[in-house]
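So the sequences go chain by chain: A and B. Under this note's numbering, the first sequence has 350 at position 247, and the numbering climbs by one with no breaks. Under this note's numbering, the second sequence has 311 at position 325, and the numbering climbs by one with no breaks.
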Amino acid sequence: MKRLFFSLGVILIGTFSLLPFLWFVLTSWKDPTEITAIPPQIIPSFHWGFYRSALDKYGLLGYIRNSAVVAGAATLISIAIGSLAAYALSRFHFSWSRLYLMLLLCVSMFPQIAIAGPVWRILNHLGWLNTYHGIVAAYISLSLPLAIWILTTFFKELPYEIEEAALVDGCTPLQALWKVVFPLAAPGIFTASILVFIHAWNEFFFALLILTYPGLQTLPVGIALFPGEYTMPWGEIAAASTIATLPLIFLTLVFQRRIVRGLSAGAVKG
Amino acid sequence: MLQEISFEVADGEFCVLLGPSGCGKSTLLRLVAGLEEAASGSILIGGGRVDHLPPRERDVAFVFQNYALYPHMSVFENLAFSLRLRGLPREEIGSRVSEAARLLEIENLLSRKPQELSGGQRQRVAVGRAIVRRPKIFLFDEPLSNLDASLRAAMRVELARLHDKLGATILYVTHDQAEAMTLADKIVVLKQGEIQQIGSPSAIYHEPVNTFVATFVGSPKMNLIEGRVDDKGTILHSGGLSVDLSKVLSGRRSEYAGKSMTVGVRPEDLHPGGPGGAWVAGEVEIVEDLGSDRFVHLRCGNLELIARMPAGVPLKRGQTLNLAAEGNRLQLFYQGRRITGK
Chain A
104 MKRLFFSLGV ILIGTFSLLP FLWFVLTSWK DPTEITAIPP QIIPSFHWGF YRSALDKYGL
164 LGYIRNSAVV AGAATLISIA IGSLAAYALS RFHFSWSRLY LMLLLCVSMF PQIAIAGPVW
224 RILNHLGWLN TYHGIVAAYI SLSLPLAIWI LTTFFKELPY EIEEAALVDG CTPLQALWKV
284 VFPLAAPGIF TASILVFIHA WNEFFFALLI LTYPGLQTLP VGIALFPGEY TMPWGEIAAA
344 STIATLPLIF LTLVFQRRIV RGLSAGAVKG
Chain B
-13 MLQEISFEVA DGEFCVLLGP SGCGKSTLLR LVAGLEEAAS GSILIGGGRV DHLPPRERDV
47 AFVFQNYALY PHMSVFENLA FSLRLRGLPR EEIGSRVSEA ARLLEIENLL SRKPQELSGG
107 QRQRVAVGRA IVRRPKIFLF DEPLSNLDAS LRAAMRVELA RLHDKLGATI LYVTHDQAEA
167 MTLADKIVVL KQGEIQQIGS PSAIYHEPVN TFVATFVGSP KMNLIEGRVD DKGTILHSGG
227 LSVDLSKVLS GRRSEYAGKS MTVGVRPEDL HPGGPGGAWV AGEVEIVEDL GSDRFVHLRC
287 GNLELIARMP AGVPLKRGQT LNLAAEGNRL QLFYQGRRIT GK
């Protein structure tokens, strides 16, 4: 009986969480009449016209390209800087490292709207508004604390004797880092990369603020600007949202175990 | 913290650093390897000073307590890693790895990863990683402590054979005095960062310089009887026990008459004595029968003694047992330090 209630609970919560996603996927396959039908039509007729329209008329590919460039660059740079910072924090016993990590955590909890003004002013002063490097810099500042936190925990799990063995075997400290530490920390680096990428791919607020030129806008902003003055292209919005979600679903499904492991690393001694 | 440490390891010698946990033996080993930095002093390897050099330039090989194998590399790659860093030709790398693998009987494991190996196999790979380097000195940090008892005993023999074959200079850290006694040419006994004694296993065992060495080396440990020497300097009284010191303190009776002293006697030097020849009578509390050896724990008033008994002596709990020891088998300690009676 307990198992039955548990299963029912899981189904209910799963359905509640997935329902919005399921609804817009189904909407993307409906034809124009099915979208506005009363009573609402659940099963679509698998009409692909909205996908064609989203790609041809609304420039979806351009938004996808921008999102890929911005999220990819932010991920690469955040992980490169974050992994070195995390290594230093985990290996060099600074008296202030714990305080530093706490400060990082606090900073990452700032509401984006609270720092939007200063970030805009800095980027404007630098002439980096409406540029890839401007938005990437903003994303790095947002995702670096998360990357450092995850990677510090991973590096702490690696036995230091393995690095010492590498030093005795003939490595310089940098060689030991490159040939031994980073390959062993690959699961953590991978996990942090996925989480940073997902965050950057989904980010809306700073992209809206910093990228006002249509040719540079990312997917979340582009889709939000689909509606015209008098039209609400639900079909195209649903199709574009489905396409936007696909990479993230793929990444999360394929690497779900690593993501969980990455987030729970260090929680239990093993 | 290490205090005023100074010792030498001769070429081809198997030197063991022995001591309880926290005595500084691993720290000392790591200083030699360059993994720790000394506040003062110098370290010389092959006549050349190395304390300013990083680990990779000291020509030492280190075998860690938990092996520290590279998990992402196969056994072959683990063995070849240091040789590749030094830019050796592929043929020579292959040859050295094969030679080490043959010596350690791990040829069939070369393609495996460390996670697929047993503890004993990992230990051999860790030793192999050191052998291929052909270093000036091998440093072993309690390499057998993670193995079970039977494997540890087998690996001890393997290490001794390896030392004979290679003629290598070895500095070996252990807290296990049986390991030290069986492997070492020379033992350095440490306590709280200070050297207590340096000597051969036999010297350490039979002529310990103080009560710490006397009780740390030897299993079961040496019996220590604290008491007071009589005015004539011939008998030591301890509670109801009287120990005849006339043979062992013959030349220095007047010097130690009336003074507090400790008498040490090893369990194997206590033997059943007749009513006239016995100098202690105790009640049997526990009998440890280990098959090849029997150890009896006796209570003599406030004193607890351990004696090794031959197989034929009947023993049961509560029984009174008379024990004697030859006078020349007694060790004398004054204020913790060993003295000779002559």
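Idealized CB from N, CA, C, for every residue including glycine. As the structure is a prediction and not an experimental result, all values here were calculated from the model.
The Cβ atoms of A/Tyr235 and A/Ser181 do not sit closer than 9 Å to each other. No residue range can be given for A/Ser148, since it is assigned to no beta strand (DSSP E) and is classified by DSSP as neither H nor E. As a beta-bridge residue in DSSP terms, B/Tyr320 pairs with B/Arg323.
Here B/Lys245 is exposed: its Cβ has fewer than 16 other Cβ atoms, across all protein chains shown, within 10 Å. Taking a 10 Å sphere around the C-beta of A/Ser344, we find 16 or more other C-beta atoms and assign the residue as buried.
For B/Tyr158, the enclosing beta strand (DSSP E) begins and ends at 156 to 160. The alpha-carbon of A/Ala217 is positioned some 11 Å away from that of A/Val210. Taking 9 Å as the CB threshold, A/Leu254 stays off the interface with chain B. Three or more pairs of CB atoms, one per stretch, sit closer than 8 Å, so the region 163 to 174 of chain B contacts the region 185 to 199 of chain B. Rounded to the nearest whole angstrom, the C-alpha separation of B/Leu69 and B/Val118 is 8 Å.
The criterion of a C-beta distance shorter than 9 Å is not satisfied by B/Val266 and B/Leu231. The continuous stretches of alpha helix (DSSP H) do not include B/Val49, which lies in the beta strand (DSSP E) extending over residues 46 to 49.
Residue pairing by DSSP places A/Pro290 opposite no residue, since no beta bridge is assigned to it. Spatial neighbours of A/Phe213 in its own chain (CB-CB distance under 6 Å, excluding positions within 5 residues in sequence) are not present. Against chain A, the beta carbon of B/His58 has neighbours under 7 Å at Pro286, Leu287, listed in chain order. The shortest C-alpha to C-alpha distance from B/Lys302 to any of B/Gly287, B/Phe281, B/Asn64 is the one to B/Phe281. Using a CB distance below 8 Å, the part of the region 16 to 43 of chain B facing chain A consists of Ala19, Gly20, Leu21, Pro40, Pro41, Arg42, ordered along the chain.
Nearest to B/Ser224 by alpha-carbon distance, out of B/Lys233, B/Val234, B/Gly213, is B/Gly213. About 6 Å separates the beta carbons of A/Ser186 and A/Ile292, which is inside the 8 Å limit, making them a contact pair. DSSP places B/Lys172 in the uninterrupted beta strand (DSSP E) bounded by 172 to 177.
Sequence-distant partners of B/Leu55 (beyond 5 residues in either direction) whose C-beta falls short of 7 Å from its own C-beta, in its chain, are Asn64, Pro100, Arg108, Val111, Ala112. In terms of Cβ geometry, B/Glu128 and B/Ser236 do not form a close pair [threshold 9 Å].
At least one CB atom of chain A sits nearer than 9 Å to the CB of B/Phe50. Rounded to the nearest angstrom, the Cβ distance from B/Glu271 to B/Arg285 is 5 Å, consistent with a contact under 8 Å.
At the C-beta level, A/Glu332 and A/Ala157 stay beyond 9 Å of one another. Separation of B/Thr248 and B/Ser104 (C-alpha to C-alpha, rounded to the nearest whole angstrom) is 47 Å. Close partners of A/Cys274 in chain B (Cβ separation under 8 Å): Arg42, Leu71. Using a Cβ distance threshold of 9 Å, A/Ala341 and A/Phe153 count as a contacting pair. The beta carbon of B/Asn196 sits closer than 8 Å to the beta carbons of Gln182, Gln183, Phe319, Gly322, Arg323, Arg324 from its chain, once the five residues preceding and following it are set aside; these are given in chain order. Against chain B, the beta carbon of A/Ile265 has neighbours under 7 Å at Ala54, Tyr56, listed in chain order. Comparing C-alpha distances from A/Tyr190 to each of A/Ala303, A/Pro290, A/Phe257 shows the shortest one belongs to A/Phe257.
Looking at the DSSP output, B/Ala267 shares a beta bridge with B/Asn308.
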